[in-house]
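Right, one structure below, let's go through it.
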Amino acid sequence: MKMLFETQDPVLISYVRNVLEQEDIRSFVFDENISMMEGSIGAFQKRVMVIDDDYDEALKTYTLIIDRYNQ
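Quick look at the structure:
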């Protein structure tokens, strides 16, 4: 598995995962439980991971999403 991105933004995580799912790319959220346990101090980021074989396509999709998300 490879890390696609890390963030504490639950909206971004949900949106990216939804778009990836529509493109038949499975994604997984790592460190979700630990980031909830530590509260709001921001010490732990949630990581969105994809399977190695899907990484290049997922990265292209993520880049397009981020470009639109930041506008």
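Counted the way our numbering counts, the sequence shown spans residues 360 to 430.
Here a beta-carbon is modelled for each residue, glycine too, at the ideal position from N, C-alpha and C.
Member of the options whose CA lies at the smallest distance from the CA of residue i
i	options	result
I384	M408, R427, N429	M408
I425	D412, E365, K405	E365
M439	F389, K419, Y428, Q404	Outside the displayed range of the chain (360 to 430) lies residue 439, so it cannot be described from this structure.
I410	F403, L379, P369	L379
Exposure label - residue i; buried when at least 16 CB within 10 Å
i	result
Y347	Since the first and last residues shown for the chain are 360 and 430, residue 347 lies out of range.
V375	buried
L423	exposed
K419	exposed
D412	exposed
CB-CB length for residue i against residue j, believed under 8 Å
i	j	result
L363	S386	7 Å
Cross-strand partners of residue i (DSSP beta bridge)
i	result
T366	K405
S386	V409
Chain-order list of residues whose beta-carbon lies under 6 Å from that of residue i (same chain, five-residue window excluded)
i	result
D415	none
Q381	none
Own chain partners of residue i with C-beta closer than 7 Å, once the 5 adjacent residues on each side are dropped
i	result
L391	A small fix is needed here, since residue 391 is Glu in this sequence, not Leu. Once the five neighbours on either side are set aside, the close Cβ partners of E391 are K405.
Y428	L371
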